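**Q** One structure is given below, represented as C-alpha cells, and several questions about it will come after.
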Amino acid sequence: MAETRTKLASVDPVWDRIKKEAQDAVRDEPLMGGLIHACILHHKSIQKALSYRFAAKLSSNEMSQVILREIADDAYAESPELVAAARADLMAVYERDPACHRFLQPILFFKGYQAMQSYRIGHWLWQHGKRDLAYFVQMRVSEIFGIDIHPAAQIGRGIMIDHAHSIVIGETAVVGDNVSMLHSVTLGGTGKEEEDRHPKIGNGVLIGAGAKVLGNIKIGHCSRIAAGSVVLEDVPPCKTVAGIPAKIVGEAGCDQPSVSMDQMFGVKP
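Add 22 to a position in the sequence shown, counting from 1, and you land on the number used in the numbering used here.
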C-alpha cells in the first residue's frame, strides 16, 4: 500500500508531457538531440532540468557550471515554492503566448521564462543572506538575457514576459500573481531617492511594450497599461491607462487582461 502511494505521488503529468515532447523533438530533428538530452531527457524531474539550464546558461570563467548547479539544486530542494512558481510561469507562457505550442519551448528557447527562473534563484539567495551571489546571478541574467531584475524585487507566480528584451525591475518593486508584460518594460524609480521607491503591480495586470512605470505607485489589479506609456501616478483596479504621462482612457475591458493579452482599447474614458 505504501509503495502504491509513493508511485501515485511521483506521477507528474507536466514533466511527463515535457519528456514526451522532448522525445518527439529528437525524432523530428536529430541534430537537436544532444541539446535536448542534456537539458531534458537526462533528468528525473522538472527542477533538475531547470537547475541544469540555469547553470548552463549563466556559467562563465568566473563561476563554474558545477557550482551554479549546486546552488540551484539547493534552492529547489529547500524551497518547493520555487518549483511551484516555475510551473505556474510555464503554464502562463503556454496559455498566453501564441508562439508557444509546447511546454518544451520556454525551458529550451524562451529567454523571458529562463530569466524569470534565474531571478527566482537569485531572490532565494538574497533572502538567505547570500547577497554577493545574488548580485552575481543578476549580473549574468542581464548579460545573457538582456533583463535586469534586482534580486530583492518581489515577484509572484504565473508571470509571462513576452520577447523579454530590455526588461528592468527595481529593488523595491513588487509584482503580483498572473502578470503579463512585453519587452522594454521598466518598473523603476524617479530619481536618486532611497528606501521604498519602485512600483507595486497588482495581480492580473497587463503591461504593454515599452511602458515605464516609475516611482512608489500602485497599479491596481487587472488593469492595463498601454504600450509606450509613462505611468507616474496610481492606477485604480480594472482600468486602462495610456499616454505620456499616462491617463485613464477606459475600463480594462475584461476580468483578466493579463490572460486575454488584448491590447486594443478605445479612447473614451
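Just so it is clear, CB atoms sit at the ideal spot from N, CA and C, and this is done for glycine as well.
Quantities reported herein were computed from a predicted structural model and do not represent experimental measurements.
Using 10 angstroms around the beta-carbon of residue 42, count the other beta-carbons present and answer buried if the total reaches 16, otherwise exposed.
**A** As a position in the sequence shown, residue 42 is number 20, starting the count at 1. Exposed: under 16 other Cβ atoms inside 10 Å.
**Q** Hey, could you find the ends of the alpha helix (DSSP H) residue 66 is sitting in?
**A** Residue 66 sits at position 44 when you count from the first residue of the sequence shown. Annotation: residue 66 is outside any alpha helix (DSSP H) and is labelled neither H nor E by DSSP.
**Q** Distance check for residue 247 and residue 289, CA to CA, integer angstroms please.
**A** One-based indexing of the sequence shown puts residue 289 at position 267. One-based indexing of the sequence shown puts residue 247 at position 225. For residue 289, the predicted structure reports a pLDDT of 45, less than 50, and the residue's modelled location is therefore unreliable. The matter cannot be settled from this model.
**Q** Hey, how far is the Cα of residue 71 from the Cα of residue 78?
**A** The residue you call residue 71 lines up with position 49 of the sequence shown. The residue you call residue 78 lines up with position 56 of the sequence shown. Residue 71 and residue 78: Cα-Cα distance of roughly 11 Å.
**Q** Among residues of its own chain, excluding the 5 on either side of residue 278, which ones have a beta-carbon nearer than 8 Å to its beta-carbon?
**A** To locate residue 278, count along the sequence shown from 1; it is residue 256. Only 200, 226, 244 meet the Cβ criterion.
**Q** Could you name the residues of the same chain whose beta carbon sits closer than 8 Å to that of residue 29, not counting the 5 residues immediately before and after it, in chain order?
**A** Within the sequence shown, the letter at position 7 stands for residue 29. A caution first: residue 29 carries a pLDDT of 49, below 50, which makes its placement in the model unreliable, though a value can still be read off. Closer than 8 Å at the Cβ level, and outside the excluded window around residue 29, lies no residue.
**Q** Going straight from the alpha carbon of residue 65 to that of residue 58, what length do you get?
**A** The count along the sequence shown starts at 1 and reaches residue 65 at position 43. The count along the sequence shown starts at 1 and reaches residue 58 at position 36. Cα to Cα, residue 65 sits roughly 11 Å from residue 58.
**Q** Assuming residue 8 is part of the alpha helix (DSSP H), what are its boundary residues?
**A** Shown here, the chain extends from 23 to 291; a query on residue 8 therefore has no answer.
**Q** Under DSSP, the alpha helix (DSSP H) around residue 134 begins and ends at which residues?
**A** Position 112 of the sequence shown, counted from the first residue, corresponds to residue 134. Taken as a continuous stretch (DSSP letters only), the alpha helix (DSSP H) holding residue 134 covers 133–149.
**Q** Please confirm whether residue 206 and residue 175 have their CB atoms less than 7 Å apart.
**A** By one-based count along the sequence shown, residue 206 stands at place 184. By one-based count along the sequence shown, residue 175 stands at place 153. No, these two residues do not count as a Cβ contact at 7 Å.
**Q** Inspect the CB distances between the region 132–150 and the region 103–112 and report whether three or more fall short of 8 Å.
**A** yes
**Q** Residues bridged to residue 82 by DSSP?
**A** Within the sequence shown, residue 82 is the residue found at index 60, counting from 1. Its beta-bridge partners are 85.
**Q** Could you give the residue range of the beta strand (DSSP E) that holds residue 53?
**A** Numbered from its first residue, the sequence shown carries residue 53 at position 31. Here residue 53 belongs to no beta strand (DSSP E), and DSSP marks it neither H nor E.
**Q** Let me check one thing: in DSSP terms, what residues is residue 234 bridge-paired to?
**A** Residue numbering aside, residue 234 sits at position 212 when the sequence shown is read from its first letter. In the DSSP output, where bridge partners are listed per residue, residue 234 has 208, 252.
**Q** Buried or exposed for residue 314, please, with buried defined as at least 16 other CB atoms from any protein chain shown within 10 angstroms of its CB.
**A** The displayed coordinates of the chain run from 23 to 291. Any statement about residue 314 would go beyond what the structure contains.
**Q** Using CA atoms only, rank isn't needed, just tell me which of 285, 240, 250, 228 is closest to residue 234.
**A** On the sequence shown, position 212 is the one that residue 234 refers to. The shortest Cα separation from residue 234 among 285, 240, 250, 228 belongs to 250.
**Q** State buried or exposed for residue 53, treating a residue as buried only when at least 16 other CB atoms are found within 10 Å of its CB.
**A** Within the sequence shown, numbered from 1, the residue matching residue 53 stands at position 31. The residue in question, residue 53, is exposed, as its Cβ has fewer than 16 Cβ neighbours within 10 Å.
**Q** Apart from the five residues just before and just after residue 262, which ones in its own chain have a Cβ nearer than 6 Å to its Cβ?
**A** Here residue 262 refers to the residue found at position 240 of the sequence shown. Correct list, in chain order: 246, 271, 272, 274, 287.
**Q** Quick check on this structure: which residue in 237, 36, 188, 47 has the alpha carbon closest to the alpha carbon of residue 213?
**A** Within the sequence shown, numbered from 1, the residue matching residue 213 stands at position 191. Residue 237 is the option with its Cα nearest to residue 213.
**Q** Go to residue 154, then tell me how far its alpha helix (DSSP H) extends in each direction, as first and last residue.
**A** Position 132 of the sequence shown, counting from 1, holds the residue named residue 154. That run of the alpha helix (DSSP H) goes 153–167.
**Q** What residue from 33, 259, 61 has the CA that sits closest to residue 12's CA?
**A** Nothing can be reported for residue 12: it is not among the residues displayed for the chain, which extend from 23 to 291.
**Q** Residue 228 and residue 280 - do their beta-carbons sit closer together than 7 Å?
**A** Position 258 of the sequence shown, counted from the first residue, corresponds to residue 280. Position 206 of the sequence shown, counted from the first residue, corresponds to residue 228. Yes, these two residues count as a Cβ contact at 7 Å.
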